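Below: one structure, written as structure tokens.
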Amino acid sequence: MRNIDLTTVVMGDLHGRRDVAARALADLGFTDASGRWAGGSRTLIQLGDVIDRGPEGLALLELLMQLQAQARAAGGDVTCLIGNHESIAMRAAAGDHSFRMNWTYNGGGANYVEWLDGQGLHGDDRELPYPEEFYMLFGPGHRYGRWLRSHQMACQVGEYVVVHAGWAPGGPPSVAEANDLWATTPDEAPGFLAAISRPEHPLSDPSGLLWSRDQPEADIVAVCERLGCRGLIAGHTITHGIHTSVDGRLVQIDVGMLIYGAWAAVGLDGDGRLWALMEGRGPRPIVADGFIPLPAAQEAVRTRIAAELSAPQPLPDDGAAPARYPPGSLLRLYRSRDGGWSQYLLVQRTGSIYGGASYEGRWITCTATGWSWRPGIWPAEPIERFGQLASPDEVPEEITSGE
Ligand SMILES: [Mn+2]
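Counting from 1, position 84 in the sequence shown corresponds to residue 92 in the numbering used here; the numbering is continuous, with no gaps.
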């Protein structure tokens with residue numbers, strides 16, 4: 009890997025795979041045999057989603073914090089961007105119960121288990137909500153939370169803008185503006201929650217920097233023109249390889265390191281040319297739209313997963329009994345310790361989402377202002393893992409029976 013002089017390397021979603029990250033850093037010459045920064049004046053960019061799902065998200069935070077300090081002392085840098093998973097953790101720390109629930113149902117419990125293990129404790133990540141002390145790891149009073157607040161929303165490298173997920177045409181007009189919006193966001197709740205709840209805030213925009221998926225090509229073209237860049241380098245959506253599209257304007261690098269256990273990244277050489285970097289493979293220049301698959305060992309896994317995703321899902325007919333919770337089941341998905349905020353799902357049918365089974369029905373929320381519901385759909389696996397059958401009298405009858 010060191011035969012090309014790469015001034016900057018961009019790495020995607022690590023999701024708790026400290027093992028994979030450590031191998032990448034060593035293979036790419038960023039660390040020495042003792043794990044210390046050996047990248048000199050080079051820059052490593054991590055584009056978010058360091059925590060959640062995988063087993064060592066907190067250890068990865070520690071590793072990246074240390075490397076960043078060592079890199080800066082050596083004239084290099086480790087630039088970290090916020091991913092949607094970091095944003096969820098910060099919202100959870102700010103006391104947002106909706107996001108405390110959302111976090112668990114999106115892999116946040118892995119950090120909780122890791123945190124318990126670190127103290128020699130055992131626990132069950134289904135014991136919702138977690139202790140306040142755990143959530144506070146990602147608040148402004150803890151060094152993890154403070155460090156996340158020092159991250160950027162996006163950065164520019166050569167002719168490219170690097171961002172976690174994408175960029176809506178109506179989003180911030182520049183990288184600097186996006187970073188300003190984040191830098192001026194108050195640290196403490198409720199100011200934090202009030203600021204990020206504004207529709208223009210990049211932390212929350214569902215089609216924006218942290219959450220965008222499947223952006224139309226015309227939007228990518230418009231955004232690159234607006235930002236004045238050659239293209240976007242982004243992660244967030246697993247592409248099972250490095251995928252370049254829209255005439256080089258979108259380079260997607262979340263290959264799924266969590267699933268495959270192999271690292272991948274892109275690098276820029278001194279002339280601003282982009283290279284695909286993968287574990288066990290020589291660097292390959294990215295010169296045109298196309299797909300660079302993972303090495304052969306991972307390719308077998310990729311083929312299997314692709315086959316599973318494309319296979320017809322053996323779902324029950326609409327209204328038929330799902331695997332575990334039949335229509336009519338009332339599930340309690342989350343309840344705050346004081347009982348003042350809770351979320352239920354009244355199962356009405358099974359369906360399909362993200363290529364897998366799902367539960368559909370009435371999402372019932374109880375807040376300080378009362379009860380409300382909306383239709384919703386969620387993957388079956390986390391519902392079955394974290395949801396618990398509730399007694400019908402936990403929810404007012406007009407909410408479960410009304411039109
Ligand atoms: Mn993401």
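The beta-carbon is built from N, C-alpha and C at its ideal position, and this holds for glycine as well. From a predicted model like this one, the values you see are computed outputs, not experimental measurements.
- Shortest gap from the CB of G91 to any heavy atom of ligand 1: under 6 Å.
- In the same chain as G115, and ignoring 5 residues on each side of it, the C-beta atoms closer than 7 Å to its own belong to D60, R61, in chain order.
- Residue ranges of uninterrupted beta strand (DSSP E) with 3 or more members, entirely inside the region 32-86 and ordered along the chain, are 51-54.
- For the 7 Å CB-CB criterion, G103 and A197 form a contact.
- The closest heavy atom of ligand 1 lies 6 Å or more from the beta carbon of D222.
- Secondary structure note for W155: its alpha helix (DSSP H) is the uninterrupted segment 151-157.
- Using a C-beta cut-off of 8 Å, the region 354-366 makes no contact with the region 76-83, since fewer than three inter-stretch Cβ pairs fall below that distance.
- Rounded to the nearest angstrom, the gap between the Cα atoms of S360 and I385 is 9 Å.
- For the 7 Å CB-CB criterion, V183 and I241 do not form a contact.
- Cα atoms of F394 and G24: separation of roughly 20 Å, rounded to the nearest angstrom.
- S399 sits exposed, since fewer than 16 C-beta atoms from the chains shown fall within 10 Å of its C-beta.
- No heavy atom of ligand 1 is found nearer than 6 Å to the CB of H159.
- At least one heavy atom of ligand 1 lies less than 6 Å from the C-beta of H244.
- The criterion of a C-beta distance shorter than 7 Å is satisfied by D297 and T252.
- Scanning the region 87-154 from its first residue to its last, the whole alpha helix (DSSP H) runs of 4-plus residues come out as 92-101, 105-112, 117-126, 140-143.
- Under the 10 Å beta carbon count, F299 is surrounded by fewer than 16 other beta carbons and is classified as exposed.
- By DSSP's assignment, Y352 forms a beta bridge with R340, I372.
- About 7 Å separates the CB atoms of L339 and Q396; that is less than 8 Å, so the two are in contact.
- Taking a C-beta distance under 7 Å as the contact criterion, V254 and I294 do not qualify as a contact pair.
- Each of L302, S106, F146 was checked against the Cα of W123, and the nearest Cα belongs to F146.
- A residue is called buried once 16 or more other Cβ atoms fall within 10 Å of its Cβ, and H130, having fewer, is exposed.
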